[in-house]
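Notes for the one structure printed next.
Number of protein chains: 2
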Amino acid sequence: METYAYLESPEPQEAARFVNTYKRRGIVVVYGLCEVSYEGRAAARLEPMYRLIIIKRDGTLLVHESEKREPRIWNPPPSSNVALVIDGTLVIKSVRSRPLETVIVRIPIVSFAAFFPASSAPYRVHGTEKDMVRFLASNVGLIEEGATLVGVEVPTAVGSVDLLLRGMGGELIVVEVKRDLAGPEAVHQLKRYVEFFASKGEKVRGVLASPDISASAYKYLKEYGLEYRRLSPKQVFTA
Amino acid sequence: METYAYLESPEPQEAARFVNTYKRRGIVVVYGLCEVSYEGRAAARLEPMYRLIIIKRDGTLLVHESEKREPRIWNPPPSSNVALVIDGTLVIKSVRSRPLETVIVRIPIVSFAAFFPASSAPYRVHGTEKDMVRFLASNVGLIEEGATLVGVEVPTAVGSVDLLLRGMGGELIVVEVKRDLAGPEAVHQLKRYVEFFASKGEKVRGVLASPDISASAYKYLKEYGLEYRRLSPKQVFTA
DNA sequence: GTTTGAATATCGTTC
DNA sequence: GAACGATGTTCAAAC
Numbered sequence: 001m002e003t004y005a006y007l008e009s010p011e012p013q014e015a016a017r018f019v020n021t022y023k024r025r026g027i028v029v030v031y032g033l034c035e036v037s038y039e040g041r042a043a044a045r046l047e048p049m050y051r052l053i054i055i056k057r058d059g060t061l062l063v064h065e066s067e068k069r070e071p072r073i074w075n076p077p078p079s080s081n082v083a084l085v086i087d088g089t090l091v092i093k094s095v096r097s098r099p100l101e102t103v104i105v106r107i108p109i110v111s112f113a114a115f116f117p118a119s120s121a122p123y124r125v126h127g128t129e130k131d132m133v134r135f136l137a138s139n140v141g142l143i144e145e146g147a148t149l150v151g152v153e154v155p156t157a158v159g160s161v162d163l164l165l166r167g168m169g170g171e172l173i174v175v176e177v178k179r180d181l182a183g184p185e186a187v188h189q190l191k192r193y194v195e196f197f198a199s200k201g202e203k204v205r206g207v208l209a210s211p212d213i214s215a216s217a218y219k220y221l222k223e224y225g226l227e228y229r230r231l232s233p234k235q236v237f238t239a
Numbered sequence: 240m241e242t243y244a245y246l247e248s249p250e251p252q253e254a255a256r257f258v259n260t261y262k263r264r265g266i267v268v269v270y271g272l273c274e275v276s277y278e279g280r281a282a283a284r285l286e287p288m289y290r291l292i293i294i295k296r297d298g299t300l301l302v303h304e305s306e307k308r309e310p311r312i313w314n315p316p317p318s319s320n321v322a323l324v325i326d327g328t329l330v331i332k333s334v335r336s337r338p339l340e341t342v343i344v345r346i347p348i349v350s351f352a353a354f355f356p357a358s359s360a361p362y363r364v365h366g367t368e369k370d371m372v373r374f375l376a377s378n379v380g381l382i383e384e385g386a387t388l389v390g391v392e393v394p395t396a397v398g399s400v401d402l403l404l405r406g407m408g409g410e411l412i413v414v415e416v417k418r419d420l421a422g423p424e425a426v427h428q429l430k431r432y433v434e435f436f437a438s439k440g441e442k443v444r445g446v447l448a449s450p451d452i453s454a455s456a457y458k459y460l461k462e463y464g465l466e467y468r469r470l471s472p473k474q475v476f477t478a
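Which chain is which? The protein sequence lines are A and B, in order. Position one of the first sequence corresponds to residue 1 (my numbering), numbered consecutively onward. Position one of the second sequence corresponds to residue 240 (my numbering), numbered consecutively onward.
What follows is the structure, given as structure tokens:
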């Protein structure tokens, strides 16, 4: 396997060649004093400061400061990143085509540059909303004793219903699932589905299933005559 | 200013000391063969592979692969990150308290470890939704000829209205602003506000202002008797 | 290619 | 500290 490589305090020309050589092979890291400008969907500008710049082989560009999970400036893949020397300073230019977004990193002092071979692999996260829906589809009793499954991700004119059941009284039960604290938006979403089926002349109830619900969301829920079932992703994950 | 530091193929003990020494001072980068597990709001596990691990002084932990803007595994600030040696291998353990989330990175082969002094500074992005709202508040004519400003970010029982105007006919005009393509959710949001004021006995119209609108969103808009004004952040940014 | 909605969303602001 | 909504959201699945 190819090994890593690095340069200490390289000349701009040398640094540019290094970046261009390795940028398509793995992860390139550049550390130095830089000023950054971004223009695209919005615009921003960062004053000169020492930062960490990361270039990935798929065209990702990240400019990280010493705090926060998020890069301060970035270009998502697929972007076109090129290193060049302008007026004796290293410049990394990143262009995303659609939408057109440009990031320009001027690095008057390049302290360190490194290349790290790395790869990427498929993975899976457990405990997503999809997992919860799947679980509930096989355990509809958790929502309503004696109910039967009508469908999962059922498309309607006002959006896709997470779970659709039929209760013992013959009524439709629309279920909206959230994997986290449910807010007002979730209740309004559920209300739309219920109103849709009601307008079709169906007898229908609405149930919100989530690990928790905010006070204001609960107020709406009651106001609209909807129901709540507490259910956490943990229950799903361990099932 | 403190300078950078690095280790090549360090012993686990040495690497652990390095990480713990520098983790609160700036950005620490570790490159090596690692397997990663995460458990918290959800759960995931990454098989052994060469990856880039980043630790920031605010407790951020990022595990990056060679593609995508997003880290594969992470813990956001403020988390508590500690390096230790278990059974002769470097382990970085990250714990976030609320909610409780744990990331464990086992690194049997540490190829490279580096510390980069860096800082963090306030910054500003231009062309946000807030910018658009501010601009429209000073140029209500772009929404409705002859209208007057009633308020900005006006709180209601169903949420906060971006912009509230009064038309020449004495009617209220509720304006929902989006800085990007408006989808169905934006239309439903607007509809809620309009219904709220209508229920108060107000004569009211609803206007959605955005650079573009999806086909299905437009269908809802028309169906609900709402209006559309095309307006891009660029117009704001250059104003 | 476009649209749609989830996300371990993260993050700032407000209450 | 909780909650609410924007984000240059990003991302993947559905169409």
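Ideal Cβ placement from N, Cα and C applies to all residues, glycine included. Note that the coordinates shown come from a computational prediction; the quantities given were computed from them, not determined experimentally.
| query | Excluding the five sequence neighbours on either side, which residues of its own chain have a C-beta within less than 6 Å of the C-beta of A/V140, listed in chain order? | reply | A147, L149 and L165
| Mind pulling the beta strand (DSSP E) runs of 3 or more residues that sit fully within the region 131 to 208 of chain A? | 148 to 156, 159 to 166 and 172 to 177
| Are the Cβ atoms of B/V267 and B/F351 separated by less than 9 Å? | no
| query | Roughly how many angstroms lie between the CA atoms of B/F354 and B/R263, to the nearest whole one? | reply | 10 Å
| said: Using the three-state DSSP reduction, which class does A/S79 fall into: helix, strand or coil? | reply: strand
| message | Mapping the DSSP letters down to three states, classify B/L460 as helix, strand or coil. | response | helix
| query | Interface residues of chain A around B/P356 at Cβ under 7 Å? | reply | Y50
| query | Can you name, in chain order, every residue of its own chain whose Cβ lies under 6 Å from the Cβ of B/V324, other than the five neighbours on each side? | reply | P251, Q252 and A255
| query | Do the region 409 to 426 of chain B and the region 446 to 464 of chain B meet, that is, are 3 or more Cβ pairs less than 8 Å apart? | reply | yes
| task | Report yes if the C-beta distance between B/D451 and B/D419 is below 9 Å; otherwise report no. | result | yes
| request: Could you name the residues of the same chain whose beta carbon sits closer than 7 Å to that of A/G26, not counting the 5 residues immediately before and after it, in chain order? | output: R57, F115, F116, P117 and A118
| message | With a threshold of 9 Å between beta-carbons, can A/D212 be considered close to chain B, or not? | response | no
| CA-CA distance, B/L285 and B/Q474? | 45 Å
| said: With a threshold of 9 Å between beta-carbons, can B/E274 be considered close to chain A, or not? | reply: no
| message | List, in chain order, every chain A residue whose beta-carbon is nearer than 7 Å to that of B/P315. | response | R69
| said: Could you tell me the alpha carbon to alpha carbon distance between A/P48 and A/V36, rounded to whole angstroms? | reply: 8 Å
| Same chain, Cβ closer than 8 Å to B/T328, five either side skipped, listed in chain order | P251, R345, I346 and P347
| request: Anything in chain B within Cβ reach of A/A19, meaning under 8 Å, just list it in chain order. | output: This sequence places Val at residue 19 of chain A; Ala is not what is there. Under the 8 Å cutoff, chain B gives no residues; its nearest Cβ is about 15 Å from A/V19.
| field | Whole-angstrom distance between A/S214 and B/Y270, CA atom to CA atom | value | 42 Å
| When the distance is taken between beta carbons, is A/L136 closer than 9 Å to A/A209? | yes
| message | Can you pull the chain A neighbours of B/R469, defined as C-beta to C-beta under 9 Å? | response | Neighbours of B/R469 on chain A: none; closest Cβ ~16 Å, over 9 Å.
| Do you know offhand how far B/P316's Cα is from A/H64's? | 14 Å
| said: By the DSSP assignment, the alpha helix (DSSP H) with A/A16 in it spans what residues? | reply: P12 to Y22
| Residue range of the unbroken beta strand (DSSP E) whose run includes A/L90 | T89 to R96
| field | Cβ-based neighbour list, B/R280, same chain, cut-off 7 Å, excluding 5 preceding and 5 following | value | P338 and E340
| said: Give me, in chain order, the residues of the same chain whose beta-carbon lies closer than 6 Å to that of A/R51; leave out the 5 immediate sequence neighbours on both sides. | reply: C34, V63 and E65
| Are A/G169 and A/K191 closer than 9 Å when you measure CB to CB? | no
| request: Give the straight-line distance between the Cα atoms of A/A5 and A/V19, rounded to the nearest whole angstrom. | output: 11 Å
| message | Strictly by DSSP, which residues pair up with B/R345? | response | B/E274 and B/V330
| Candidates A/E2, A/K178 and A/E8, of which the one nearest B/T242 by Cα | A/E8
| query | Between the region 332 to 362 of chain B and chain A, which residues of the former have a C-beta closer than 9 Å to a C-beta of the latter? | reply | S350, F351, A353, F355, P356, A357, S358, S359, A360 and Y362
| Rounded straight-line distance, which links the Cα of A/V204 to that of A/I173 | 6 Å
| With B/R468 and B/I331 assumed to form a contact (beta carbons below 8 Å), what rounded beta-carbon distance in angstroms separates them? | With a Cβ gap of about 51 Å, B/R468 and B/I331 do not count as contacting.
| To the nearest angstrom, how far is it from the Cα of A/A43 to the Cα of B/V364? | 6 Å
| query | From B/E384, B/A456, B/E410 and B/G366, pick the residue whose C-alpha is nearest to that of B/S471; which is it? | reply | B/G366
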